[in-house]
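The sequence shown begins at 202 in full-length UniProt numbering and counts up one residue at a time. Ideal placement from N, C-alpha and C gives every residue a C-beta, glycine not left out. What follows is a set of notes on a single structure, which appears directly below.
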Amino acid sequence: DFSVSLPKASNDEIGELSSSIQTLANDLNYLKKERTEFLASISHEIRTPLTYIKGYTDIARRDSLSEKERLNYLNIIYEESNHVGDLLKELFDLAKMDQNTFSISKEKVKICSFIHSIYHKMKPAFDSKGVNLVLDCKITAIVNIDPNRFEQVLLNLLDNALKYSDINSLTKIEITNEKNFISIFVKDQGTGIPDEDLPYIFDRLYRVDKSRSRLTGGFGLGLSIVKEIVDAHGGTISVESRIDKGTCFKITLKGQ
Ligand code: ADP
Numbered sequence: 202d203f204s205v206s207l208p209k210a211s212n213d214e215i216g217e218l219s220s221s222i223q224t225l226a227n228d229l230n231y232l233k234k235e236r237t238e239f240l241a242s243i244s245h246e247i248r249t250p251l252t253y254i255k256g257y258t259d260i261a262r263r264d265s266l267s268e269k270e271r272l273n274y275l276n277i278i279y280e281e282s283n284h285v286g287d288l289l290k291e292l293f294d295l296a297k298m299d300q301n302t303f304s305i306s307k308e309k310v311k312i313c314s315f316i317h318s319i320y321h322k323m324k325p326a327f328d329s330k331g332v333n334l335v336l337d338c339k340i341t342a343i344v345n346i347d348p349n350r351f352e353q354v355l356l357n358l359l360d361n362a363l364k365y366s367d368i369n370s371l372t373k374i375e376i377t378n379e380k381n382f383i384s385i386f387v388k389d390q391g392t393g394i395p396d397e398d399l400p401y402i403f404d405r406l407y408r409v410d411k412s413r414s415r416l417t418g419g420f421g422l423g424l425s426i427v428k429e430i431v432d433a434h435g436g437t438i439s440v441e442s443r444i445d446k447g448t449c450f451k452i453t454l455k456g457q
């Protein structure tokens, strides 16, 4: 620990300095604890799929297996390797953001046609789960964004909307223009997020239901990446949610 032994707080400059140093030491200890916890969670996230990969590789090597059984095990191995690959990709993005080497290259984009192409990309995934995806965008506004990074933002939000929605529900993307601000809403009718979890969902590795994570396949990194990208564009992101009613994410950007 970064422990400091300082003179008793007095009411002069020395006292002020001593309490600043104390605060700094507390912050450093907090960061150290956070880093240790982050590494422990990541190790766990990687160890679990590796355990599956190792176990199923052992089984798949057996001579006695039928081709069908072997294929089944190979498919699991393939999915679990993808899982580790996805995690590493997200971690790499976060590492670049921390080092400020995450490049944003902005260009002027017609917001509606941009969102339209994302809508068409995601529509088949929604259709195949029986969730209705609709788009409401009638404005002609132009925004200055990095289209690749912003696509990542929207795919992430839509991916979550789909993950946490049931069949026959509705997910709506809506774009509005008020004064010089463009707002993008992604609104679902899914499980919702408990009030006590809402303040933390943009934190790294935060997941509401830890036990469900292997089924839904998330690491709790998606929204922290989303927020960092929106912040890097000078925008804001907020969320409103009600249990069993749904969740609405709102991104606001300055128009051109
Ligand atoms: P994950 O990859 O686990 O989905 P995210 O960072 O994208 O991680 O989201 C963090 C947590 O916020 C999720 O684990 C989930 O509990 C909750 N969450 C995010 N989006 C939604 C949504 N649209 N509906 C319900 N819960 C959500």
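Residue i versus residue j - alpha carbon distance
{"i": "Ser346", "j": "Val427", "result": "Going by the sequence as given, residue 346 is Ile instead of Ser. Cα-Cα distance, rounded: 14 angstroms."}
{"i": "Asp294", "j": "Ser425", "result": "11 angstroms"}
{"i": "Leu225", "j": "Tyr231", "result": "10 angstroms"}
{"i": "Gly421", "j": "Lys233", "result": "20 angstroms"}
{"i": "Phe386", "j": "Arg262", "result": "49 angstroms"}
{"i": "Arg413", "j": "Lys364", "result": "Note that Arg413 scores 48 on pLDDT, short of 50, meaning its location in the model is unreliable and no value can be drawn from it."}
{"i": "Lys322", "j": "Pro250", "result": "28 angstroms"}
{"i": "Glu397", "j": "Val409", "result": "10 angstroms"}
{"i": "Ile361", "j": "Glu217", "result": "Ile is not the amino acid found at residue 361; the sequence shown has Asn there. Cα-Cα distance, rounded: 47 angstroms."}
{"i": "Ala296", "j": "Thr302", "result": "9 angstroms"}
{"i": "Ile438", "j": "Ile452", "result": "4 angstroms"}
{"i": "Asp404", "j": "Ser329", "result": "30 angstroms"}
{"i": "residue 175", "j": "Asn227", "result": "Residue 175 cannot be examined here, being either before or after the span of the chain that is shown, 202 to 457."}
{"i": "Thr341", "j": "Ile254", "result": "50 angstroms"}
{"i": "Arg236", "j": "Ser265", "result": "46 angstroms"}
{"i": "Gln457", "j": "Glu379", "result": "12 angstroms"}
{"i": "Phe239", "j": "Lys339", "result": "43 angstroms"}
{"i": "Thr372", "j": "Phe382", "result": "23 angstroms"}
{"i": "Glu214", "j": "Ile222", "result": "12 angstroms"}
{"i": "Ile376", "j": "Asp337", "result": "7 angstroms"}
Host beta strand (DSSP E) of residue i (start-end)
{"i": "Arg443", "result": "Thr437 to Arg443"}
{"i": "Thr377", "result": "Leu371 to Glu379"}
{"i": "Phe382", "result": "Phe382 to Lys388"}
{"i": "Ile343", "result": "Ile343 to Ile346"}
Best match in the options for proximity to residue i [C-alpha to C-alpha]
{"i": "Asn369", "options": "Gln390, Asp299, Asp228 and Gln353", "result": "Gln390"}
{"i": "Ile374", "options": "Glu214, Asp367, Thr302 and Val354", "result": "Val354"}
{"i": "Ser366", "options": "Thr341, Asn378, Asp404 and Leu334", "result": "Leu334"}
{"i": "Val285", "options": "Thr252, Ile452, Gln457 and Leu266", "result": "Thr252"}
{"i": "Ala433", "options": "Leu454, Leu292 and Lys339", "result": "Leu454"}
{"i": "Asn357", "options": "Ser267, Ser282, Arg236 and Ile430", "result": "Ile430"}
{"i": "Arg443", "options": "Ile254, Ser244, Gly393 and Phe450", "result": "Gly393"}
{"i": "Asp259", "options": "Ile277, Leu240 and Cys338", "result": "Ile277"}
{"i": "Tyr407", "options": "Glu246, Ile340, Glu214 and Leu229", "result": "Glu246"}
{"i": "Ser282", "options": "Ser384, Ile215, Arg248 and Pro400", "result": "Arg248"}
{"i": "Lys388", "options": "Leu399, Leu359 and Thr377", "result": "Leu359"}
{"i": "Glu352", "options": "Ser314, Asp337, Glu214 and Gly331", "result": "Ser314"}
{"i": "Ile305", "options": "Pro348, Ala326, Leu292 and Ala241", "result": "Pro348"}
{"i": "Lys446", "options": "Gly423, Leu289 and Pro395", "result": "Pro395"}
heavy atom of the ligand ADP below 7 angstroms from residue i C-beta
{"i": "Leu292", "result": "no"}
{"i": "Asp367", "result": "no"}
{"i": "Ile243", "result": "no"}
{"i": "Val409", "result": "yes"}
{"i": "Gly286", "result": "no"}
{"i": "Thr249", "result": "no"}
{"i": "Ser425", "result": "yes"}
{"i": "Phe420", "result": "yes"}
{"i": "Ile215", "result": "no"}
{"i": "Lys451", "result": "no"}
{"i": "Lys364", "result": "yes"}
{"i": "Ile305", "result": "no"}
{"i": "Asp432", "result": "no"}
{"i": "Asp389", "result": "yes"}
{"i": "Ile394", "result": "yes"}
Where the alpha helix (DSSP H) containing residue i begins and where it ends
{"i": "Lys234", "result": "Glu214 to Ala261"}
{"i": "Gly447", "result": "Note, Gly447: premise wrong, no alpha helix (DSSP H); beta strand (DSSP E) at Gly447 to Lys455."}
{"i": "Asp294", "result": "Glu268 to Asp299"}
{"i": "Val431", "result": "Gly423 to Ala433"}
- prompt: Given 8 angstroms as the limit, is there contact between the stretch 269-281 and the stretch 307-314, that is, 3 or more CB pairs closer than that?
  reply: No: fewer than three Cβ pairs fall under 8 angstroms.
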